[in-house]
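Under the working numbering, the very last position in the sequence shown is 193; numbers go up by exactly one each time.
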Amino acid sequence: MEGSRIQGARVGVVGGGIAGLAVAAALVRRGAVVTVFERAPALRSMGGALVLWTNALHALARLGLAASVRARGVELRHALICNRKGEPLWDLPVGALADELGAPSVAIHRARLLELLAEASDGATLETGARVSSVHERASAARIEFDGRPTAEFDLVIGADGVHSEVRRSLLDDGPPRTAG
């Protein structure tokens, strides 16, 4: 969908994790009417911390979140990656890269990042407990069908529902996820 056509477009985002909330925040900023459907009964974070490398900070800056992420996280100046025996495999001067590339790498708890993205996507409608059963493309709209709730139609549907994506299964039906390496 071209940038000029996003203004006022009805967009359904399936998945309320990092990717879903980030795309919702970006689309709301561009004037889209966004609804995020999350299968869980509430937004929640699974897992611990993650590292957002320089390119992620540049993307978050476009959402107006770089300063908040830096304030809530810890900037990395050095990274040492070891094998399971504790032997160094990779030694990276992250601080020097940050200086060169114009943004730091930041370690942040996943829950804090989700909170920031949820705040940035304010203006989008969030529907929790929304289990998608299928997605269908039509000539003028995309239709999302749910278990136990009415069908919804949008100009655009974005699948951000993870590795076991119902959106992907509905539209591509290319089988279960495969290990790539």
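Glycine included, every Cβ here is placed at the ideal spot set by N, Cα and C.
Give me whichever residues DSSP pairs with residue i in a beta bridge.
| i | result |
| --- | --- |
| SER57 | Answer is none; SER57 lacks a bridge partner. |
| ASP185 | ASP185 is not bridged to any residue. |
| VAL118 | LEU64 and GLU87 |
Below 8 Å on the Cβ atoms is my guess for residue i versus residue j; work out the distance and round it to an integer in Å.
| i | j | result |
| --- | --- | --- |
| ALA119 | GLY85 | 6 Å |
| THR66 | LEU104 | Between LEU104 and THR66 the Cβ distance is about 12 Å, and since that is not below 8 Å, they are no contact. |
| LEU184 | VAL48 | In fact, because the Cβ distance is near 22 Å, the residues do not count as touching under 8 Å. |
| SER145 | PHE158 | 6 Å |
| VAL81 | LEU64 | 7 Å |
For residue i, name the three-state secondary structure that DSSP assigns.
| i | result |
| --- | --- |
| GLY24 | strand |
| VAL175 | coil |
| ARG17 | helix |
| ARG41 | helix |
| SER80 | helix |
| LEU126 | helix |
| ASP134 | strand |
| HIS198 | The shown model of the chain, from 13 to 193, leaves out residue 198, and the question about it has no answer. |
| ARG161 | coil |
| ALA142 | coil |
| LEU75 | coil |
| GLU50 | strand |
| GLU112 | helix |
Would you say residue i and residue j are within 8 Å of each other, going by their C-beta atoms?
| i | j | result |
| --- | --- | --- |
| VAL26 | GLY171 | yes |
| LEU69 | PRO116 | yes |
| ALA31 | ASP167 | no |
| ARG124 | VAL106 | no |
| ALA61 | ARG155 | no |
| LEU50 | ALA108 | A small fix is needed here, since residue 50 is Glu in this sequence, not Leu. Not in contact: GLU50 and ALA108 (Cβ atoms no closer than 8 Å). |
| GLU165 | ALA151 | no |
| VAL175 | VAL147 | no |
| LEU33 | SER182 | no |
| ILE18 | ALA44 | yes |
| VAL46 | ALA136 | yes |
Does the region 119-130 come within contact of the region 27-38, defined as at least 3 CB pairs closer than 8 Å? These segments touch.
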